[in-house]
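Each remark here refers to the structure printed beneath this line.
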Amino acid sequence: MRLDLEKRSDRSSLMALLSPIIAVALTLLFGAIVFWLRGVDPLHGLYVYFIQPMTDEWSREKLIVKATPLVLMGAGLALSYKANIWNIGAEGQFVMGALAAGAVPVLFPTWQSPEVMVVMLLAGSLGGLLWAWIPAVLKVKFHANEILTSLMLVYVARLVFDWLVRGIMRDPKGMNFPKSVRFEGWQRLPSWGDVHLGALFALVAALALAFVMYRMLKGFELRTLGLAPRAGRFAGFSADKAVYFCFAVSGAMAGLAGATDVMGVAHQLQTPYEPNYGFVAIIVAFLGRLNPIGSIIAGLLLAITFIGGEAAQATLHIPDKIAKVFQGVLLFFVLACDTLILYRIKLRAKK
Amino acid sequence: MNSGASPLLQADHIVKIFGTLRANDDVSLSIKAGEIHALLGENGAGKSTLVKMIYGALQPTSGKFIWQGKPLEIASPAQARSLGIGMVFQHFSLFEALTAAENIALALPGKFQMNELSSRVTKLSADYGLPLDPSASIADLSVGQRQRVEIVRCLLQNPKLLILDEPTSVLTPQEAEQLFITLRRLASEGCAILYISHRLEEVRKLCDRATVLRQGKVVATCDPRQETPASMARMMVGSDVMQVHAISGNTKGPVRLALQKLTTAAQDNFSVQLKNINLDVHGGEVVAIAGVAGNGQSELFDAISGEILAVQNNAVLMDGVAAGHDGVTLRRKHGAAFVPEERLGHAAVPNFVLSNNAILTRHGTDADLASRGIINSAIAFKIADQVIKAFDVRKGKVDPEARSLSGGNLQKFTVGRELDRKPNILVVNQPTWGVDAGAAATIRQALIDLAKSGAAVLVISQDLDEIFEIADRIAVISRGQLSEALPAKTYTLEKIGLLMAGAHEVSHAA
Amino acid sequence: MDQFLAIAITIITASTPLLIAGLGELVVERSGVLNLGVEGMMVMGAVCGFGAAYATGNPYLGIVASIFGGVFMALLFGFLTLTLLANQVATGLAITLLGLGLSALIGESLVGQPIARLPNFHGIDILIIFSFILTALVSYMLFRTRAGLVIRAVGDNHASAHAMGFGVIAVRYACVVFGGACAGLAGGYLSLAYTPQWVENMTAGRGWIALALVVFATWLPGRLLVGAYLFGAISILAYIVQTFAWGIPSQLLSSLPYLVTVAALVVISGNRQLMRANTPTCLGQSFVPDR
Chain E
0 MRLDLEKRSD RSSLMALLSP IIAVALTLLF GAIVFWLRGV DPLHGLYVYF IQPMTDEWSR
60 EKLIVKATPL VLMGAGLALS YKANIWNIGA EGQFVMGALA AGAVPVLFPT WQSPEVMVVM
120 LLAGSLGGLL WAWIPAVLKV KFHANEILTS LMLVYVARLV FDWLVRGIMR DPKGMNFPKS
180 VRFEGWQRLP SWGDVHLGAL FALVAALALA FVMYRMLKGF ELRTLGLAPR AGRFAGFSAD
240 KAVYFCFAVS GAMAGLAGAT DVMGVAHQLQ TPYEPNYGFV AIIVAFLGRL NPIGSIIAGL
300 LLAITFIGGE AAQATLHIPD KIAKVFQGVL LFFVLACDTL ILYRIKLRAK K
Chain V
0 MNSGASPLLQ ADHIVKIFGT LRANDDVSLS IKAGEIHALL GENGAGKSTL VKMIYGALQP
60 TSGKFIWQGK PLEIASPAQA RSLGIGMVFQ HFSLFEALTA AENIALALPG KFQMNELSSR
120 VTKLSADYGL PLDPSASIAD LSVGQRQRVE IVRCLLQNPK LLILDEPTSV LTPQEAEQLF
180 ITLRRLASEG CAILYISHRL EEVRKLCDRA TVLRQGKVVA TCDPRQETPA SMARMMVGSD
240 VMQVHAISGN TKGPVRLALQ KLTTAAQDNF SVQLKNINLD VHGGEVVAIA GVAGNGQSEL
300 FDAISGEILA VQNNAVLMDG VAAGHDGVTL RRKHGAAFVP EERLGHAAVP NFVLSNNAIL
360 TRHGTDADLA SRGIINSAIA FKIADQVIKA FDVRKGKVDP EARSLSGGNL QKFTVGRELD
420 RKPNILVVNQ PTWGVDAGAA ATIRQALIDL AKSGAAVLVI SQDLDEIFEI ADRIAVISRG
480 QLSEALPAKT YTLEKIGLLM AGAHEVSHAA
Chain L
0 MDQFLAIAIT IITASTPLLI AGLGELVVER SGVLNLGVEG MMVMGAVCGF GAAYATGNPY
60 LGIVASIFGG VFMALLFGFL TLTLLANQVA TGLAITLLGL GLSALIGESL VGQPIARLPN
120 FHGIDILIIF SFILTALVSY MLFRTRAGLV IRAVGDNHAS AHAMGFGVIA VRYACVVFGG
180 ACAGLAGGYL SLAYTPQWVE NMTAGRGWIA LALVVFATWL PGRLLVGAYL FGAISILAYI
240 VQTFAWGIPS QLLSSLPYLV TVAALVVISG NRQLMRANTP TCLGQSFVPD R
């Protein structure tokens with residue numbers, strides 16, 4: 000047997016819709032096999048992992064909390080990847096956003112008014128943006144590969160965070176634990192149950208970015224540069240400006256995600272802080288077919304893998320590391336299925 | 000010629016189907032040893048498909064090849080080479096990062112002995128009048144020299160059949176003459192030559208026999224020396240080609256596009272630096288720039304379109320306005336329009352539908368297309384539709400992706416997209432490269448009509464026939480320098496050839 | 000003097016995995032494929048190597064297993080990018096994420112288990128010697144043999160290579176598998192010799208540093224050797240300085256390898272002439288043959 004790809008004359012819009020669904024189905028099939036190998040009834044395993052998190056109020060809230068940073072970052076990364084600009088350091092920008100937001104109550108522990116909340120959110124976004132601009136500047140000025148530089152800066156960001164939270168940002172009354180002061184009152188995000196205001200930001204941001212991408216000239220510019228850089232230049236678009244823009248947007252979104260995470264969930268800075276949302280957001284962006292609205296659905300789906308991982312550990316006695324495996328496998332299948340959009344796959348018997 | 004001998008290669012009822020397209024439909028032909036055999040046909044007639052099958056790069060859907068009387072399957076280029084079939088590609092199959100000798104070694108079977116090979120290359124290339132430095136990197140060679148590498152690579156294998164695909168399209172007329180001498184010598188030594196071209200005059204001069212393809216079928220076999228270019232063109236196209244009506248009498252308007260001492264900064268050793276270029280293009284005239292590929296044509300285009308900015312602001316004047324520091328969009332707002340050589344990836348985004356491709360060059364000039372940064376897709380659609388109707392762009396669905404159009408139809412779209420704006424200045428690089436004769440005639444006529452209406456039209460082309468057909472004045476570019484633009488009537492083929500080879504170059508001791 | 004020797008040995012063991020993984024990726028990139036999955040292949044090599052050595056008690060079987068771990072991931076990468084023509088950047092990331100997840104799951108029960116370090120003579124083990132031989136072999140293969148010529152040709156212009164009748168996809172599969180074997184071996188070196196134990200995410204970005212080293216070396220094996228030892232030296236010296244506790248934050252010293260990587264990329268990429276002359280032209284582009 001030989002596998003042949005036949006190029007379609009136009010991209011298949013049916014497959015564009017179907018391919019993520021097929022990918023999810025294949026991931027579930029893979030999951031069933033893993034459960035079976037581990038001696039767990041596959042259907043029961045899939046139920047515990049993927050369905051149960053959606054059945055009760057408490058875990059639905061947790062789902063939204065987990066999805067919030069994923070959607071925020073996934074939408075920003077989608078825009079960037081569409082332009083063929085590879086910011087894969089969202090995890091670092093997320094950490095820097097959390098740090099910048101947390102710096103406000105550390106510096107002004109008694110500041111209590113609605114302004115402090117706004118300042119913290121802005122500080123977080125700015126922190127992420129500036130951290131993201133380092134690889135952007137290095138790419139534009141020195142042509143340094145942004146994939147490698149943005150990733151290296153993740154490790155650096157984690158170490159900066161660790162240094163500060165163990166050092167000058169540590170709570171002096173905190174019994175020497177590597178933690179900052181606790182955020183109180185307006186230093187926290189308003190919440191309903193576990194769900195905090197960040198969820199609304201995520202929804203609005205995803206819709207806004209989708210509008211930019213598909214209705215505005217800016218989005219047209221980014222898509223053009225991503226598909227055909229030379230044609231983009233011919234259209235009068237600047238590739239360098241696109242680099243700055245994409246890193247600014249995706250960095251600010253990641254920073255905002257970090258800010259909402261510490262303001263809405265942890266309510267303080269503590270080290271080590273490696274939630275891995277920034278890397279999973281890459282999967283979110285691809286599963287959402289690089290469409291910011293798709294990121295909403297994809298973000299919720301990947302949030303399930305986090306929560307399901309915890310459930311699997313508790314109920315099925317399968318290590319929660321399985322979550323990472325499902326996440327990786329899902330991205331793998333998404334990329335494989337995307338082939339169907341541009342190609343027909345034919346199996347031929349070898350002559 | 001030993002016309003009585005049995006044929007070296009016969010193609011017997013060859014059919015090749017791509018998807019639904021019958022690229023070769025029952026093609027039969029025979030080539031004798033020592034014969035120079037022309038394969039004629041328009042773009043898309045199936046010439047390339049046929050020779051790729053002879054060279055083993057593609058396999059026929061049905062039919063067979065008979066080599067020296069024995070039917071056989073040519074499974075791969077390596078097998079073709081071992082049979083004694085060599086091929087010189089149109090878009091060279093050379094590797095820029097490798098040296099000439101390394102490129103040649105790749106095609107040769109047997110032991111890997113670079114030193115010994117280098118001396119063989121030097122000897123053989125000198126012997127055939129195609130001198131070559133085996134240690135030179137391909138990236139540093141001119142287009143003509145690259146072709147030599149390809150030819151020497153074939154000759155080292157003592158070919159029985161040599162296939163050349165449009166070899167003179169990258170040569171000056173004088174270089175072409177030198178090539179013909181080499182080819183005639185090879186033929187006299189018994190090597191068969193399959194010569195693909197659409198230049199009918201040179202086919203008449205060089206070839207003993209011609210097979211004409213049209214839409215995948217053999218429509219005629221003839222002796223080119225008994226034919227006229229017009230009669231062969233009729234065979235290729237199937238009907239009389241629409242005559243292009245040139246401008247009668249020069250009613251020159253004011254200068255609309257002026258280049259003054261245009262010089263570009265040296266970028267790197269992969270691109271040509273433009274040196275001190277002066278040119279005036281008046282409203283109402285078509286000025287053409289001739290030259291061998293790779294002498295700065297695309298750099299000149301980029302410098303006029305604003306993809307590369309000039310050092311001096313007044314190096315580019317558009318209707319008297321200094322625009323050297325303006326980007327592409329601003330220059331379009333000055334009334335200029337541009338059509339680059341590369342259709343897919345430069346003039347158009349392959350994966351965008353046509354209405355999106357309309358936005359590409361119009362977002363700055365059509366105020367309501369993207370007001371306040373928001374795209375009005377209804378207007379984009381309308382523009383695309385206008386262009387499609389005005390230029391008879393053939394397509395499979397309402398708003399197809401650019402990549403699904405044929406070369407000719409996409410070229411009509413990218414030219415039409417600019418003409419639809421009624422520009423004051425139009426700059427076109429290679430307006431009819433790889434375009435079928437019908438579309439080419441339509442495009443050339445449209446360029447002339449635009450000039451008649453008072454616009455300045457600048458055409459950069461490597462096709463001398465095209466240039467003489469439409470240009471009022473001609474300048475020649477060579478290694479980044481431009482000769483003075485003179486009336487087309489004052490040129491002979493010899494004069495233009497000398498200029499293409501660099502007769503006008505000023506030695507800039509750098 | 001003894002102390003100096005000990006430091007030298009540590010630097011060598013720290014540099015060896017970077018060199019081995021880098022050599023593999025260098026060959027992959029010379030054939031025109033950008034494999035960002037090195038980290039994932041490495042970490043899979045680390046866990047497979049450790050697991051096999053732990054189960055059998057034989058570190059040499061560990062080496063073999065680590066190679067298989069890397070090759071398995073490389074085949075997945077090849078299937079997606081070469082057969083299904085998926086985006087190479089995205090697929091590389093997928094392989095890295097998948098590798099990190101799979102290795103964590105497989106290695107769950109191996110955490111904290113002891114194994115015997117790969118046998119060595121005064122700290123010099125067989126893989127260190129092999130890494131030098133491999134550098135010479137790769138260099139010879141790329142620039143002195145027909146196979147190397149074909150690999151470079153495929154990376155320079157895949158369309159021409161196809162027209163000449165070379166199997167572009169087959170050549171690239173071979174290179175990707177070789178790269179995966181090297182990455183797996185490099186990972187195995189970490190868990191079998193460098194720190195003979197299994198820790199989740201134990202590659203700690205070394206796969207990415209190896210990728211950066213290939214750029215830094217401008218795709219030349221000799222320079223890769225120099226680069227790998229430079230990086231090895233810097234990261235070890237940072238640890239040594241740490242022990243003197245001069246008030247330099249340990250985090251700053253730990254981030255040095257990453258910062259140096261960024262700096263190296265900036266310095267080398269800023270030189271456009273050098274980059275354009277050496278970068279494989281088709282790097283990162285999918286090849287679609289016409290039939």
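So the protein sequences, as listed, match chains E, V and L. Residue 51 in numbering that gives the first Met the number 0 sits at position 52 of the first sequence; the count goes up by one each step and never skips. Residue 258 in numbering that gives the first Met the number 0 sits at position 259 of the second sequence; the count goes up by one each step and never skips. Residue 187 in numbering that gives the first Met the number 0 sits at position 188 of the third sequence; the count goes up by one each step and never skips. Glycine included, every Cβ here is placed at the ideal spot set by N, Cα and C.
The stretch 270-278 of chain L and the stretch 147-155 of chain E do not touch, with fewer than three beta-carbon pairs separated by less than 8 Å. With its beta carbon at least 7 Å from every one in chain L, Leu161 (chain V) lies outside the interface. Secondary structure at Ala74 (chain V): coil, using DSSP grouped into helix, strand and coil. Bounds of the alpha helix (DSSP H) holding Gln410 (chain V) are 406-418.
Where Leu160 (chain V) is concerned, the enclosing beta strand (DSSP E) starts and stops at 160-164.
Nearest Cα to Phe142 (chain L) within the set V:Leu185, V:Glu176, V:Ala96, V:Ile358: V:Ala96. Residue V:Ile192 holds the alpha-carbon nearest to the alpha-carbon of Ala32 (chain V) among V:Leu258, V:Lys394, V:Ile192, V:Arg184. Per DSSP, reduced to three states, the secondary structure at Cys181 (chain L) is helical. DSSP, reduced to helix, strand and coil, places Asp435 (chain V) outside both helices and strands of the structure shown, so it counts as coil.
Taking 7 Å as the threshold, the shortest C-beta distance from Ser403 (chain V) to chain E falls below it. Of all alpha-carbon atoms in V:Leu170, V:Ser187, V:Leu449, the one lying nearest the alpha-carbon of His281 (chain V) is that of V:Leu449.
Your pair Ile447 (chain V) and Val458 (chain V) does not check out as a contact, with CB atoms roughly 10 Å apart and the cut at 8 Å. Annotation for Glu56 (chain E): the continuous alpha helix (DSSP H) segment containing it runs 56-81. In the DSSP assignment, Phe142 (chain L) falls within the unbroken alpha helix (DSSP H) covering 125-143.
For the options E:Glu273, E:Leu196, E:Leu27, the alpha carbon positioned closest to that of Trp185 (chain E) is the one of E:Leu196.
At a cut-off of 7 Å between beta-carbon atoms, Gly225 (chain E) makes no contact with chain V. Here Glu400 (chain V) carries a strand assignment [DSSP, helix/strand/coil]. Put simply, the backbone Cα of Leu339 (chain E) is about 19 Å away from that of Pro399 (chain V). DSSP, reduced to helix, strand and coil, places Thr263 (chain V) outside both helices and strands of the structure shown, so it counts as coil.
The straight-line gap separating the alpha-carbon atoms of Val110 (chain L) and Arg343 (chain E) is approximately 45 Å.
The straight-line gap separating the alpha-carbon atoms of Gly55 (chain V) and Arg222 (chain L) is approximately 40 Å. As the crow flies, the alpha-carbon of Ile87 (chain E) is around 31 Å from that of Ile239 (chain L). About 7 Å separates the Cβ atoms of Ile103 (chain V) and Leu116 (chain V), confirming a contact at the 8 Å cut-off.
Less than 7 Å divides the Cβ of Gly39 (chain L) from the Cβ of Ile94 (chain L). Here DSSP, grouped into helix, strand and coil, assigns Ile424 (chain V) to strand. Membership of Ser118 (chain V) in the alpha helix (DSSP H) is indicated by the continuous run 113-126.
Taking a C-beta distance under 7 Å as the contact criterion, Pro318 (chain E) and Glu107 (chain L) qualify as a contact pair. Setting aside the 5 residues that flank it on each side, Val14 (chain V) is surrounded in the same chain by Arg21, Asn23, Asp24, Asp25, Val26, Pro59, Thr60, Ser61, Gly62, each with a C-beta closer than 8 Å to its C-beta; the list follows chain order. For Lys323 (chain E), there are no C-beta contacts with chain V under 9 Å, since the nearest C-beta of that chain is about 33 Å from it. Residues of the stretch 201-226 of chain L whose Cβ lies closer than 7 Å to any Cβ of chain E, in chain order: Gly204, Trp207, Leu210, Ala211, Val214. Each residue's CA atom was taken as its position, placing Ala251 (chain E) and Gly231 (chain L) some 34 Å apart. In this structure, Gly295 (chain V) lies near Gly479 (chain V), with their beta-carbon atoms less than 7 Å apart.
No Cβ-Cβ contact shorter than 7 Å links Leu84 (chain L) with Ser268 (chain L). Chain-ordered, the chain L residues with CB closer than 7 Å to the CB of Lys320 (chain E) read Gly100, Ala103, Leu104, Glu107. Ranking V:Val87, V:Ile476, V:Gly334, V:Leu49 by CA distance to the CA of Arg152 (chain V) puts V:Val87 first.
Annotation for Leu185 (chain V): Leu161, Ile192 place their beta carbon closer than 7 Å to its own, counting only its chain and skipping 5 residues before and after.
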